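For the sequence shown, counting from 1, position 38 maps to 155 in the working numbering; every step adds exactly one.
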Amino acid sequence: MDLSVLALLAAMGVLAGIINAAVGSGSLLTLPVLLAIGVPPGVAVRTNTIGMVFSTIGSVIGYRREIAEESRTSRLLPLLATTLVCAATGSVLLLISPGRALEFVVPVLIVVALVLVLLQPRIARSLARRRAADSAADGAAAQNESQGALAGPDAYSSPALLASMGAASLYGGYFTAAQGVLYLGVLGAFTGRPMKSVNAVKNLLSLIVNATAAVVYLLAFAVTGAEIIWAASAAIAVGSLIGGYAGSHLAKRLPEGVLRGIIVLVAVVALIRQLA
118 MDLSVLALLA
128 AMGVLAGIIN
138 AAVGSGSLLT
148 LPVLLAIGVP
158 PGVAVRTNTI
168 GMVFSTIGSV
178 IGYRREIAEE
188 SRTSRLLPLL
198 ATTLVCAATG
208 SVLLLISPGR
218 ALEFVVPVLI
228 VVALVLVLLQ
238 PRIARSLARR
248 RAADSAADGA
258 AAQNESQGAL
268 AGPDAYSSPA
278 LLASMGAASL
288 YGGYFTAAQG
298 VLYLGVLGAF
308 TGRPMKSVNA
318 VKNLLSLIVN
328 ATAAVVYLLA
338 FAVTGAEIIW
348 AASAAIAVGS
358 LIGGYAGSHL
368 AKRLPEGVLR
378 GIIVLVAVVA
388 LIRQLA
């Protein structure tokens, strides 16, 4: 693979890691580059996922204190187990999907992911308004009681939350792109926890999804010879590890509109390339 392409993938990996740590959807920077240079969709998703594992490793290291606090105050095991099983199922579905089906499915998923990226601020504002309205209606006493319940050990283990996160993790195992946006929306809606806490758990879950999918793809490579472009994975891995760690500290200071604009631009270019 050309050195200029590897350099571009590494640079996009840095940006993707920063974006993943902040809101998710960083793979919409790296995956379209692979598609744009002619890598088949299934190979591109596998190559990208293995590289982007390192983004979530960096993010988890950066959020390690917040994750430890959430683990101490809440029961995360049911959520972690649901994420693991559903992510593995989604990655297996990718492996058994026919190549022609992927040529149709991947552009559709890119569009879905783009819509999620564009709507994420509106979703976040809607959730914030709803929580504020509920707090005002219930009064100060009821608000304190509600916050105590949300801070309790069952905040992350309600059946509705687990079902929604299972569906999101199935999607994440299959495609990985924009899973973090889904996670932030679901976790925020069902727990009411502060964004700092939800984002820490989101990064932990993203690590589980990406690592699970990567293990499945590595096994497929060893057993069936499923193609992976290792040089591209390595370039993405180096960049995304740096970006993921830096992003956990810096991403909140960067203009979200700029990051969102880069995602949209790169993904649209990839769509044009795929559909041409």
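In this text, a Cβ means the ideal position worked out from N, Cα and C, and glycines have one as well. Everything numeric in this text was worked out from a predicted model, so none of it was measured.
* Please classify R239: does DSSP put it in a helix, a strand, or coil? => Taking the sequence shown and counting its residues from 1, the one referred to as residue 239 is at position 122. Of the three classes helix, strand and coil, the one that applies to R239 here is helix, per DSSP.
* Quick one: what's got a C-beta closer than 6 angstroms to Y291's C-beta in the same chain, skipping five residues either side? -> Numbered from its first residue, the sequence shown carries residue 291 at position 174. Excluding residues within five positions, the ones whose Cβ falls inside 6 angstroms are G207, L210 and L211.
* DSSP on G168, reduced to helix/strand/coil? -> In the sequence shown, counting from the first residue as 1, residue 168 sits at position 51. Helix, per DSSP.
* Assigned secondary structure, L193 (DSSP; H/G/I helix, E/B strand, else coil) -> For this step, residue 193 is matched to residue 76 along the sequence shown. Three-state result, L193: coil.
* Taking 9 angstroms as the cut-off, decide whether the C-beta atoms of L279 and L194 are in contact. => Here the question's residue 279 lines up with position 162 in the sequence shown. Here the question's residue 194 lines up with position 77 in the sequence shown. No, the pair does not count as a contact, with Cβ atoms beyond the cut-off.
* **Rounded straight-line distance, which links the Cα of G159 to that of F221** => Position 104 of the sequence shown holds residue 221. Position 42 of the sequence shown holds residue 159. Between F221 and G159, the C-alpha separation is close to 11 angstroms.
* **Distance between S323 and A331 (C-alpha atoms, nearest Å)** => Here residue 331 is taken as the residue at index 214 of the sequence shown, counted from 1. Here residue 323 is taken as the residue at index 206 of the sequence shown, counted from 1. Spanning the two alpha carbons is a distance of roughly 12 angstroms.
* Asked: Should the region 159 to 173 be called in touch with the region 126 to 138, which here means at least 3 C-beta pairs below 8 angstroms?
  -> yes
* Run the CB neighbour count on R129, radius 10 Å, all protein chains shown included, and call it buried at 16 or more, exposed below. => In the sequence shown, counting from the first residue as 1, residue 129 sits at position 12. Note that residue 129 corresponds to Met in the displayed sequence, not to Arg. So M129 counts as buried.
* Quick check: the region 310 to 329 against the region 178 to 191, are there 3 or more CB pairs under 8 angstroms? -> yes
* Nearest to A124 by CA position, among A138, V150 and N327, is which residue? -> To locate residue 124, count along the sequence shown from 1; it is residue 7. Answer by Cα proximity: V150.
* With 16 other CB atoms within 10 Å as the buried threshold, where does A205 fall? -> Working through the sequence shown from its first residue, we reach residue 205 at position 88. Buried: at least 16 other Cβ atoms inside 10 Å.
* To do: Kindly indicate the opening and closing residues of the alpha helix (DSSP H) around T308.
  => Counting from 1 along the sequence shown, the entry for residue 308 is found at position 191. T308 -> alpha helix (DSSP H) spans Q296 to T308.
* Residue span of the alpha helix (DSSP H) that contains A285, given as start and end -> In the sequence shown, residue 285 corresponds to position 168, counting from 1. Here the alpha helix (DSSP H) through A285 covers P276 to F292.
* Could you tell me whether the Cβ atoms of L145 and L231 are closer together than 9 angstroms? => In the sequence shown, the residue the question calls residue 145 occupies position 28. In the sequence shown, the residue the question calls residue 231 occupies position 114. Against a cut-off of 9 angstroms, the Cβ pair of L231 and L145 comes out as a contact.
* **4 or more residues per run - each alpha helix (DSSP H) lying fully within the region 304 to 367** => 312 to 341 and 347 to 367
* For L148, decide whether its Cβ has a neighbour in chain D, counting only Cβ atoms nearer than 9 angstroms. => Protein chains in the displayed structure number just one, and chain D is not present.
* **A349 classed as buried or exposed, judged by whether at least 16 other C-beta atoms fall within 10 angstroms** => One-based indexing of the sequence shown puts residue 349 at position 232. Result: buried.
* Under the three-state reduction of DSSP, which class applies to S214: helix, strand or coil? -> Here residue 214 corresponds to residue number 97 of the sequence shown, with the count starting at 1. S214: coil per DSSP, three-state reduction.
* Quick one, which of V385, A363, L382 and I389 has its alpha-carbon nearest S176's? -> Looking up residue 176 in the sequence shown gives position 59. For S176, the nearest C-alpha among the options comes from A363.
* Kindly give me the distance between the Cβ atoms of Y273 and T329, rounded to whole angstroms, as I take these residues to be in contact under 8 angstroms. => By 1-based counting over the sequence shown, the position of residue 273 is 156. By 1-based counting over the sequence shown, the position of residue 329 is 212. Their Cβ separation, rounded to whole angstroms, is 18 angstroms, which puts Y273 and T329 out of contact at 8 angstroms.
* Asked: Where R217 and L226 are concerned, what is the direct C-alpha to C-alpha distance, given to the nearest angstrom?
  -> Counting from one through the sequence shown, the residue named residue 217 turns up at place 100. Counting from one through the sequence shown, the residue named residue 226 turns up at place 109. Answer to the nearest angstrom: the Cα atoms are 15 angstroms apart.
* Asked: Roughly how many whole angstroms lie between the Cα atoms of R165 and R310?
  -> As a working mapping, residue 165 is identified with position 48 in the sequence shown. As a working mapping, residue 310 is identified with position 193 in the sequence shown. Looking at the sequence shown, residue 165 is not Arg but Asn. Straight-line Cα distance between these residues: approximately 31 angstroms.
* Sort H366, I389 and L382 by Cα distance to R182 and report the nearest one. => One-based indexing of the sequence shown puts residue 182 at position 65. When only C-alpha atoms are compared, the closest one is H366.
* Asked: Run through DSSP, which three-state label would P149 get?
  -> Numbered from its first residue, the sequence shown carries residue 149 at position 32. It is helical.
* Asked: By Cβ distance below 7 angstroms, which residues in the same chain neighbour G297 in space, the five residues on each side in sequence not counted?
  -> Taking the first residue of the sequence shown as position 1, residue 297 is located at position 180. Closer than 7 angstroms at Cβ, skipping near neighbours: N137, V140, G141, S142, K319 and S323.
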